[in-house]
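Protein chains in written order, with my numbering: chain A, 29 to 224; chain B, 29 to 224. Structure, as structure tokens:
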DNA sequence: TTAATAAATTTAACAATGTTAATTATATTT
DNA sequence: AAATATAATTAACATTGTTAAATTTATTAA
């Protein structure tokens, strides 16, 4: 019975990996049952033996990508001392990850999750992501009495909301019009929040 | 020749009105060629005699809704004196308009505009909307020396980005989990930006 | 006014996508 | 090795956007 599960999980992973590849490459709009199955080396209907529907498969990728981004960003952060400046760095790496993979941004923030099994946990995972990445650093700021508890609560939210809005406008509406201008805006808005 | 144009525009308006109704009612995901045409009292193929494709029709509604919201919000603002507090009010009305019609928020910020004729003007219209609504009030603040020119530039952006992010998370990810908590967040974040 | 023509509208059809049911192929068990 | 269970595939259907062919309606010319 263990063998069965191992084999089953292996095949599930083929589909998951195929979906990840498409998401990273062509993006969310190119993800469809037939394209996934072809890349995985199966017929499109086989997918339904392993996943309830295509949405389940897609949202497994959310967790996957989040782990990937978390590792990537945390690795870069290790070399820097905890604190305000590292919050800035982490936020910029967070932003860079999404600009590098617009399909993943779509997946995280734009895709409607109606009817997803365990919808709420996934949504929570997404909107607390930046907070988790910067948790230690905010604690350090608190310990150094750089900001008060209340300030930190508001600043975290402000960062989270404004970065999401900035990413949304840049990726979906080409505003600002160039990457350079976008990065300049990122720096400005991070300063607005952090350098009170 | 004038008659022709009047009649043609009339029929276009039937389709536009039908699309507006669906967008306000069931939202963007319920907008489709057959539903629009049925509501307009025509066959689905007739639509293509008046519009290049369904996207053109949908994005005509963006301008329409923006005019509607602008009138609505400006009317309410008339009774208040120009300045910082009216910026707060206008921002809250702006937010309220979108929470009232989630389909219109989707349309404004989430719908991909690739391949839309005159894509850029429409995108520009959207991301400068809040700025236009509050233009007079920022000018008043400037004249009163309440904020500097540079501060205003940054604050406008910060408001725009954080409100967009806040709306996105509330509408797409149910965060915060209730309207009351959402409004509390709105107040907090507006204070963060305005009450330096 | 009526036959010819132009314009507008509709029905039929196709392509892409998600999904399910029926069929076929493969693996397991007795 | 035959019977049964499991897995995978093909066929089929529903929905949606779109185009082409057919039909209806309106306009124009005799």
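All C-beta atoms, glycine included, are put in the ideal place defined by N, C-alpha and C.
Contact belief for residue i with residue j at Cβ below 8 Å, rounded distance in angstroms
| i | j | result |
| --- | --- | --- |
| residue 132 of chain B | residue 126 of chain B | 6 Å |
| residue 38 of chain B | residue 50 of chain B | With 8 Å as the limit, residue 38 of chain B and residue 50 of chain B do not qualify as a contact, their Cβ atoms being about 19 Å apart. |
| residue 121 of chain B | residue 101 of chain B | 5 Å |
| residue 193 of chain A | residue 111 of chain B | In fact, because the Cβ distance is near 24 Å, the residues do not count as touching under 8 Å. |
Reference residue i; option with closest CA among the options
| i | options | result |
| --- | --- | --- |
| residue 87 of chain A | A:65, A:43, A:109, A:123 | A:43 |
| residue 128 of chain B | B:54, B:223, B:212, B:32 | B:54 |
| residue 123 of chain A | A:57, A:110, A:103, A:97 | A:97 |
| residue 191 of chain B | B:76, B:82, B:179, B:210 | B:210 |
| residue 174 of chain B | B:222, B:155, B:150 | B:222 |
| residue 106 of chain A | A:162, A:198, A:197, A:69 | A:162 |
| residue 35 of chain A | A:212, A:65, A:63, A:78 | A:78 |
| residue 150 of chain A | A:76, A:89, A:31, A:171 | A:89 |
| residue 70 of chain A | A:172, A:40, A:158 | A:40 |
| residue 130 of chain A | A:52, A:159, A:160 | A:52 |
| residue 45 of chain A | A:80, A:32, A:176, A:64 | A:64 |
| residue 159 of chain B | B:172, B:33, B:181, B:177 | B:181 |
Short Cβ contact (9 Å threshold) for residue i with residue j
| i | j | result |
| --- | --- | --- |
| residue 153 of chain A | residue 91 of chain A | yes |
| residue 59 of chain A | residue 47 of chain A | yes |
| residue 134 of chain A | residue 199 of chain A | yes |
| residue 140 of chain A | residue 83 of chain B | no |
| residue 196 of chain A | residue 85 of chain B | no |
| residue 224 of chain B | residue 179 of chain B | yes |
| residue 205 of chain B | residue 136 of chain B | no |
| residue 189 of chain A | residue 155 of chain B | no |
| residue 76 of chain B | residue 62 of chain B | no |
Against chain B, which members of the region 196–210 of chain A pass a CB distance test of less than 8 Å?
With the criterion set as a beta carbon lying under 8 Å from some beta carbon of chain B, the members of the region 196–210 of chain A are 196, 197, 200, 201, 202, 203, in sequence order.
Chain B contacts made by the region 150–168 of chain A, where a contact means CB separation under 8 Å:
Correct list: 151, 152, 154, 155.
For the structure I just gave you, are there three or more beta carbon pairs, one from the region 179–190 of chain A and one from the region 216–223 of chain B, closer than 8 Å?
Contact holds: three or more Cβ-Cβ distances are below 8 Å.
Would you check if there are 3 or more beta carbon pairs closer than 8 Å linking the region 103–115 of chain B to the region 154–174 of chain B?
At 8 Å Cβ cutoff, the stretches touch.
Along the region 45–79 of chain A, what residues have a CB closer than 7 Å to any CB found in chain B?
Residues of the region 45–79 of chain A whose Cβ lies closer than 7 Å to any Cβ of chain B: none.
Under 7 Å, CB to CB, which of the residues in the region 174–186 of chain A have a partner in chain B?
Those residues of the region 174–186 of chain A placed with their C-beta closer than 7 Å to a C-beta in chain B are 182, 185, 186, ordered along the chain.
Which residues, taken in chain order from the region 110–131 of chain B, show a beta carbon closer than 9 Å to some beta carbon of chain A?
Taking 9 Å as the Cβ-Cβ cut-off against chain A, none of the residues of the region 110–131 of chain B qualify.
Chain-ordered residues of the region 80–94 of chain B with a beta carbon less than 9 Å from chain A:
Using a CB distance below 9 Å, no part of the region 80–94 of chain B faces chain A.
Using Cβ-Cβ distances below 9 Å, what residues of the region 210–223 of chain A are close to chain B?
Residues passing the 9 Å Cβ filter: 213, 216, 217, 219, 220, 221.
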